[in-house]
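**Q** Numbering (numbering that gives the first Met the number 0), first residue to last: 0 to 289.
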Amino acid sequence: MISELPIPPEGNYGWPWTEEFTFPYKNEIKEYPRITIVTPSFNQGKFIEQTIRSVLLQNYPNLEYIIIDGGSTDGTAEIIKKYDRWISYWVSEKDNGQSDAINKGIGKGTGEIFNWINSDDYYSKDTFQKISETFTNSGADVIIGNYRYFEDENESKSKDNGKTIDFRLRETLEETIAFVLLNQPSSFFKLNLIKELGGLNSDLNFVMDQDIWKKYLFRYGQKNVSIVDFMFTHFRLHSDSKTFMNEFNSEYMNIYYSIAVQTDMPKHAEFLKNIYGNGFRKNYIFNFEL
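#1: For the alpha helix (DSSP H) holding phenylalanine 192, just list the boundary residues, first then last.
#2: In chain order, what residues of the same chain lie with their CB nearer than 8 Å to the CB of aspartate 202, ignoring the 5 residues before and after it?
#3: Kindly identify the DSSP beta-bridge partner or partners of aspartate 83.
#4: Please check the pair leucine 172 and valine 224, which I expect to be a contact at CB under 8 Å, by giving their CB distance rounded to whole angstroms.
#5: My assumption, with CB atoms under 8 Å, is that proline 60 sits in contact with phenylalanine 20. Please give the rounded CB distance.
#6: Where glutamine 49 and histidine 233 are concerned, what is the direct C-alpha to C-alpha distance, given to the nearest angstrom?
#7: For isoleucine 101 versus tyrosine 82, is the C-beta spacing smaller than 8 Å?
#8: Straight-line CA distance for isoleucine 105 to aspartate 73?
#9: Around the C-beta of arginine 218, are 16 or more other C-beta atoms found within 10 angstroms, so that it is buried, or is it exposed?
#10: If you pair each beta-carbon of the segment 125 to 140 with each one of the segment 205 to 212, do three or more pairs fall below 8 Å?
#11: Which residues bound the beta strand (DSSP E) around arginine 235?
#12: If you follow the beta strand (DSSP E) that glutamate 174 is part of, which residue opens it and which one closes it?
#13: Tell me, to the nearest whole angstrom, how far the beta carbon of serine 123 is from that of isoleucine 34; I am working on the premise that it is less than 8 Å.
#14: If you follow the alpha helix (DSSP H) that glycine 106 is in, where does it begin and where does it stop?
#15: Quick check: the Cα distance between aspartate 120 and serine 53, rounded to an integer number of angstroms?
#16: When DSSP builds the beta bridges, which residues end up paired with aspartate 68?
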C-alpha cells in the first residue's frame with residue numbers, strides 16, 4: 000500500500016512514513032474480524048497525517064477507518080482528502096467536542112473490534128495483527144496492551160524517548176474498578192458492547208474513556224478482559240496537559256459514585272465513596288502531583 004499512498008512530507012522517515020507492515024495472511028482464515036478505528040480531530044493538522052498512515056499501513060485486510068473532524072481551520076481537511084480513497088467515512092463539521100465526535104464514529108461503525116485514536120497519536124507497526132489474533136484466540140471482550148507517551152511535538156527530543164505505561168488488573172473486581180485506569184490508547188473493545196453501554200458520555204471532556212471502562216466493569220466484570228504485554232500505541236503528551244489536570248480529576252472523581260448508584264450496586268457505591276471521598280490528588284497516568 001505504501002507505494003499507493005501520498006508521498007510523506009519532506010524529512011519524515013521510518014514508521015509510518017517510509018515503512019509499512021506486511022500483514023501475515025493465513026490460508027486457513029477465510030475472513031478476519033473487522034476492526035473499526037475512529038479518529039476524532041480538531042485543528043491537529045500538523046500531526047494527523049502520522050495518525051492516518053499508522054492506521055492504513057497496518058495493511059489490515061478488514062479495516063473500517065472513520066475520521067470525525069470538528070470543522071478544523073488549520074488544513075486538517077485537506078490532509079484527510081489526500082487519503083480519502085482509503086478512509087471508510089469522514090466528515091469535517093462542527094461538533095460538540097471529542098466525546099460527541101467519537102460517538103458519531105461509533106454510530107457509523109460496523110466492525111467487531113473497536114478503538115479510537117486521537118489525531119496526534121499513532122499505532123505501532125503490527126498492532127492490528129496482534130489485536131486480531133488475540134481476539135480470535137481468546138474470545139475476549141476487551142484487549143488491553145501497553146502504550147508509550149512522549150512529550151511535545153518533537154518525539155526525538157523527548158526525555159528517555161518517552162515512557163511506557165503498562166497495564167495490570169487487580170485480583171478483585173472492586174479493586175480494579177477503584178484503582179485501575181484504562182490504557183485507552185491501547186484498549187480495544189467489542190463494538191457491540193460499547194453500543195450496548197450507550198457509547199461515551201458526551202457531557203465528559205476528559206474522562207469519557209474511564210467512564211465507559213467503569214460501566215463495562217460494573218455490567219460485565221473483568222473475566223473477559225485480556226491483557227497483552229505489547230506496546231500498541233504512542234501517545235503524545237502536550238506541554239500544556241498539566242493545566243487540565245484539575246478538570247480531569249474533578250470529572251474522574253464524579254464518575255465513580257454516580258455509576259455505582261446507577262447500576263444499583265450500593266456496596267460498590269459505599270466502597271468507592273470511602274476511597275474517593277477526599278478527592279484525587281495525583282495523576283496516576285503521568286505520575287505527577289497536582
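Quick reminder that beta carbons are idealized off the backbone N, C-alpha and C, glycines included. For clarity, every value in this text was computed on a predicted model and none was experimentally measured.
**A** Result, derived from the coordinates:
#1: According to the sequence as given, residue 192 is leucine; it is not phenylalanine. Here the alpha helix (DSSP H) through leucine 192 covers 190 to 195.
#2: Ser98
#3: DSSP lists no partner for aspartate 83.
#4: Not really, about 10 Å apart at Cβ, beyond 8 Å.
#5: Actually they do not touch by this definition, with Cβ atoms about 12 Å apart.
#6: 11 Å
#7: no
#8: 25 Å
#9: exposed
#10: no
#11: 224 to 236
#12: Per DSSP, glutamate 174 belongs to no beta strand (DSSP E); it is in the alpha helix (DSSP H), 172 to 178.
#13: Contact flag wrong, Cβ pair sits at about 14 Å.
#14: 97 to 107
#15: 9 Å
#16: Ser40, Ser91
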